[in-house]
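Enquirer:
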Amino acid sequence: MVNFVGAGPGAKDLVTIRAYKLIASAGIIIYAGSLVNPELLGYANKNCQFYNSAEMTLEEIIDVMSDASSKGIEVVRLHTGDPCIYGAIREQMDRLDSLGIPYAYCPGVSSFCGAAASLNIEYTLPGISQSIIITRMEGRTPVPEKESIESFAAHNSTMVLFLSTGMAGELSHKLVSGGYAGDTPAAIVYKSTWEDEEKYVCTIETLEETAKKHNITRTALIIIGDVLMQGGYKRSELYNPYFTTGYREALTGD
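Sequence positions in the sequence shown follow this note's numbering and run 33 to 286.
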């Protein structure tokens, strides 16, 4: 069995109980290099073998999994955050399917959730934004034309960008071209929930300046939107005493 496991955003205690148990029982762990907190590997048993996937190709990763499967060894493929976001897990699963090797998927806390916790923000404030766009700038991995930054910016909703800090200047231009105002709040969160976490609130037009000032080029998320102001939102109707829910009647009167 191969278990794809979400390592969470960074802090070693931000993994699920299931993830902890899978790590502890694995005979082999293939982890996503420096993106995974090495303290998590301390949960493994003393006989566990470790492979750093940053130094491996897909073919080499599958070879390790296949060899382990033939020997009845449990494998944990440890991905950062939650593997469903930029985790490149589908291509691994397809190879395992072709080899008849069973696998399972243990979700993790995504780094975009960790970043919100670091900033103490809510992405979906009533009256401000009720949608989150998770995307990235185009780099060596292409982005479909229909998913351009400009087209997403037209919505003026909350946006979270992975893998884009090294292109902050170009990103700012695209965001403004698409419809955001230059003074729209923005934030850069470097290694959210890690001990060496850094976080900076700025604006779209000062994104590049902020990233350069603090020498942040990777391992960071960029958050865009008025939710960063943490004000001007409407009260939730769910907890409004004058709003009826399936569990209580609304109060009446002035």
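All C-beta atoms, glycine included, are put in the ideal place defined by N, C-alpha and C. Since the model is a prediction, treat every value here as computed from it, not as a measurement.
Measure the Cβ-Cβ separation of residue 160 and residue 221 and say whether it is below 9 Å.
Expert: Working through the sequence shown from its first residue, we reach residue 160 at position 128. Working through the sequence shown from its first residue, we reach residue 221 at position 189. For residue 160 and residue 221, no; Cβs fall outside 9 Å.
Enquirer: So, at 7 Å on beta carbons, what are the nonlocal neighbours of residue 302 in its own chain, with the 5 sequence-adjacent residues on each side left out?
Expert: A query on residue 302 cannot be resolved here, the shown segment of the chain reaching from 33 to 286 and no further.
Enquirer: State whether the region 70 to 87 contacts the region 176 to 183, with contact taken as three or more CB pairs (one from each stretch) at a distance under 8 Å.
Expert: no
Enquirer: With a threshold of 16 other CB atoms inside 10 Å of the CB of residue 140, please say whether the residue is buried or exposed.
Expert: Counted from its first residue, the sequence shown places residue 140 at position 108. Buried.
Enquirer: Would you call the CB atoms of residue 37 and residue 131 closer than 9 Å?
Expert: In the sequence shown, counting from the first residue as 1, residue 37 sits at position 5. In the sequence shown, counting from the first residue as 1, residue 131 sits at position 99. Contact flag unset, no.
Enquirer: Residue range of the alpha helix (DSSP H) that residue 307 falls in?
Expert: There is simply no residue 307 to check, as the chain begins at 33 and stops at 286 in what is shown.
Enquirer: Taking just the CA atoms, how far does residue 128 sit from residue 236?
Expert: Here residue 236 refers to the residue found at position 204 when the sequence shown is read from its first residue. Here residue 128 refers to the residue found at position 96 when the sequence shown is read from its first residue. The alpha-carbon atoms of residue 236 and residue 128 are separated by roughly 42 Å.
Enquirer: For residue 38, which residues does DSSP report across the bridge?
Expert: Along the sequence shown, read from residue 1 onward, the residue named residue 38 stands at position 6. Partner(s): 111.
Enquirer: Given a threshold of 16 other Cβ atoms within 10 Å of its Cβ, counted over all protein chains shown, does residue 249 qualify as buried or as exposed?
Expert: In the sequence shown, counting from the first residue as 1, residue 249 sits at position 217. Residue 249 counts as exposed, since fewer than 16 other beta carbons sit within 10 angstroms of its beta carbon.
Enquirer: Would you mind sorting residue 100 into buried or exposed? The rule is 16 or more other CB atoms within 10 Å of its CB.
Expert: Here residue 100 corresponds to residue number 68 of the sequence shown, with the count starting at 1. Buried is the call here.
Enquirer: Quick one: complete alpha helix (DSSP H) runs, 4+ long, within the region 145 to 231?
Expert: 181 to 185 and 200 to 210
Enquirer: Taking the alpha-carbon positions, what's the residue 193 to residue 165 distance?
Expert: As a first step, residue 193 is located in the sequence shown; it is residue number 161 there, counting from the start. As a first step, residue 165 is located in the sequence shown; it is residue number 133 there, counting from the start. Rounded to whole angstroms, residue 193 to residue 165 spans 8 Å at the Cα level.
Enquirer: What's the gap between the Cα of residue 263 and the Cα of residue 256?
Expert: Against the sequence shown, residue 263 aligns to sequence position 231. Against the sequence shown, residue 256 aligns to sequence position 224. Approximately 15 Å between the Cα atoms of the pair.
Enquirer: Tell me the start and end of each unbroken beta strand (DSSP E) in the region 41 to 75 that is at least 3 residues and wholly inside, in chain order.
Expert: 60 to 63
Enquirer: Helix, strand or coil for residue 282 per DSSP?
Expert: As a working mapping, residue 282 is identified with position 250 in the sequence shown. Correct three-state label for residue 282: coil.
Enquirer: So does the region 57 to 67 actually touch the region 80 to 94, counting three or more Cβ pairs closer than 8 Å?
Expert: yes
Enquirer: What would DSSP say about residue 252, mapped onto helix, strand or coil?
Expert: Sequence index remark: in the sequence shown, residue 252 carries index 220 (1-based). In the structure shown, residue 252 sits in a strand (DSSP, three-state: E or B).
Enquirer: Between residue 35 and residue 118, which are expected to be in contact by the criterion C-beta below 8 Å, what is the C-beta distance as a whole number of angstroms?
Expert: Mapped onto the sequence shown, residue 35 falls at position 3. Mapped onto the sequence shown, residue 118 falls at position 86. Not confirmed; about 19 Å, so no contact.
Enquirer: Leaving aside the five residues before and after residue 157 along the sequence, list all residues of the same chain whose C-beta is less than 7 Å from its C-beta, in chain order.
Expert: To locate residue 157, count along the sequence shown from 1; it is residue 125. Within the same chain, residue 157 has close Cβ partners 259 and 265.
Enquirer: Between which two residues does the alpha helix (DSSP H) holding residue 262 run?
Expert: Taking the sequence shown and counting its residues from 1, one reaches residue 262 at position 230. Here residue 262 belongs to no alpha helix (DSSP H), and DSSP marks it neither H nor E.
Enquirer: Pop quiz: residue 240 and residue 278 are said to be a contact at Cβ under 8 Å. What is the actual Cβ separation, rounded to whole angstroms?
Expert: Residue numbering aside, residue 240 sits at position 208 when the sequence shown is read from its first letter. Residue numbering aside, residue 278 sits at position 246 when the sequence shown is read from its first letter. Their Cβ separation, rounded to whole angstroms, is 48 Å, which puts residue 240 and residue 278 out of contact at 8 Å.
Enquirer: Keeping to the same chain, check which residues put their C-beta closer than 6 Å to that of residue 71; ignore five residues upstream and five downstream.
Expert: As a working mapping, residue 71 is identified with position 39 in the sequence shown. Contacts found: 44.
Enquirer: Evaluate residue 114 with the Cβ neighbour count: other Cβ atoms within 10 Å of its Cβ, from every protein chain shown; 16 or more gives buried, anything less gives exposed.
Expert: Along the sequence shown, one-based indexing puts residue 114 at 82. Residue 114 sits buried, since 16 or more C-beta atoms from the chains shown fall within 10 Å of its C-beta.
Enquirer: Give the DSSP bridge partners of residue 276, in chain order.
Expert: Position 244 of the sequence shown, counted from the first residue, corresponds to residue 276. Looking at the DSSP assignment, residue 276 forms no beta bridge with any residue, so it has no partner.
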